Structures are given as C-alpha cells and as structure tokens.
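Residue numbers (the UniProt record's numbering): 1 to 134.
Heads up, the beta-carbon is just placed ideally off N, CA and C, and yes, glycines get one too.
Since this is a predicted model, take the numbers as computed values, not measurements.
A short write-up of the structure that comes next.
If you want it as structure tokens, here you go:
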C-alpha cells in the first residue's frame, strides 16, 4: 500500500511538472507564432522568417512529445489508482474477516462459559446438601 502511494505521489509530481512544461512550451509557441506573423507582415528578412517557421515546427514536435508523455503519465496514474483501490478493498475485506472471526470466537467462548455454568448448576442440584437430615 505504501509503495503504491509513493508511486502515485511520484506520478502526480511528474504530471504536474509535465503540465507546467507543456504550458511553458505553449506560451513560447504562441509568442513565436505572433513574432513570425508580425515579421511576415513587415516583410523583413525571408530567411529569418523561414528559420522562425522551422523553429516553430520543431517546437510543435516537442509539444506533441510532451503531450504524449503527459497522456502516458495520466494513464499510468489511473492504473496505479486502480491498483491502490484494489489493494485497499482487499485490506478492508481482511479487516472485516478478522473482526468477524473475533466476534465468532467471543460468541463461542460465551457459549462454552454458559454451558459450563449450566453443567456446574446441574451438578450442584443433583448433590445432597451437606448437613441436611435424610
């Protein structure tokens, strides 16, 4: 259980880090796209414009890789969460079984004590009282 919780925490950190990195890449992409569009409007250096477009294409590929990584992390997190729930259910079932066994044991001990008390009472009833005239 502890191992699953540690794995889940680690995955959650990775998800947050990946989401943060992806947001940063999206912001860069947006800024560079705007800069490339402005450069195209001003008809400045065509080579610089092309280089900017290539950089945007490469950035988009990196974003796609990060997005795929994020999806894989999210899927793995779902799997670990499911494994945790399964383990917790097993643990709960074991706890319930233990509690049931303890209750059964206590009931059986109570029955035995009652049976012994009944036996003792029957034995006392069957014996003549000491010192009584017959």
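Should residue i go down as buried or exposed, given a rule of 16 or more other Cβ atoms within 10 Å for buried?
i, result
"residue 5", "exposed"
"residue 46", "exposed"
"residue 78", "exposed"
"residue 85", "exposed"
So what's residue i in DSSP terms, helix, strand or just coil?
i, result
"residue 158", "Missing from the structure shown is residue 158; the chain here goes from 1 to 134 and no further."
"residue 127", "coil"
On a Cα-Cα basis, can you pick out the residue from the options that is closest to residue i?
i, options, result
"residue 39", "53, 27, 28 and 26", "53"
"residue 11", "106, 118 and 69", "69"
"residue 32", "65, 49, 123 and 96", "49"
(message) Three or more C-beta pairs under 8 Å: does that hold for the region 69-88 against the region 13-20?
(response) Taking 8 Å as the limit for Cβ pairs, the verdict is that the region 13-20 does touch the region 69-88.
(message) Under 8 Å, with one C-beta from each stretch per pair, do the region 84-100 and the region 59-66 reach the 3-pair mark?
(response) Touching, no, given that fewer than three Cβ pairs across the two stretches are closer than 8 Å.
(request) Would you mind listing the alpha helix (DSSP H) stretches within the region 15-100 that are 4+ residues and don't spill past its ends, in chain order? (result) Along the region 15-100, the alpha helix (DSSP H) does not occur as any fully enclosed run of 4 or more residues.
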